[in-house]
Amino acid sequence: MTEFDSFSNRPAKIKPEALKDQKQECNDCIVAFVTVEKKDEPILVAKGLAEEIIKMCKEVGSENVVLVPFAHLSNKIAGSEKGLSALNRIEANLGKEKVNVKRSHFGSNKSLLLDVFGHAGNARYREF
1180 MTEFDSFSNR
1190 PAKIKPEALK
1200 DQKQECNDCI
1210 VAFVTVEKKD
1220 EPILVAKGLA
1230 EEIIKMCKEV
1240 GSENVVLVPF
1250 AHLSNKIAGS
1260 EKGLSALNRI
1270 EANLGKEKVN
1280 VKRSHFGSNK
1290 SLLLDVFGHA
1300 GNARYREF
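This is the structure in structure tokens:
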């Protein structure tokens, strides 16, 4: 148990996947905070989001992407199985486009340090 576990409000239906890496790092990348909702279809979400991320990569000239499962963007989140299915599909779709993809762990507490360049379009919200 860490000092931050008492702050977690993870819904009971979300089962964390095993941690693969204690620490990940990526520079000059697109960071996508991903929330999968109950109503979402994983195949459609994965296709639309992957296409949008590829578009952003081309716009900024980066081939690096970090997918961050982030349930805090909705109060209607899908369960673990559906959420992981969508994330795995997004990751696979991006891999087909020869993009370097990292994904933070599903269902775990995260500590993020972001340094965002100040330019038009550096933060975008999308729904699929």
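For reference, each letter of the sequence shown is one residue, going 1180 to 1307 in the numbering used here. Ideal Cβ placement from N, Cα and C applies to all residues, glycine included.
Counting every other CB atom within 10 Å of its CB across the protein chains shown gives I1209 a total of 16 or more, marking it as buried. Counting only residues of its own chain and dropping the five nearest sequence neighbours on each side, S1253 has a CB closer than 8 Å to the CB of T1214, E1216. DSSP places I1256 outside any beta strand (DSSP E), giving it a letter other than H or E. Of S1287, E1242, H1298, the smallest CA-CA separation from N1206 is found for E1242.
The Cβ atoms of V1244 and L1266 do not sit closer than 8 Å to each other. Taking 8 Å as the cut-off, the Cβ atoms of G1227 and F1307 count as close. Taking the Cα positions, H1284 is about 27 Å away from G1297.
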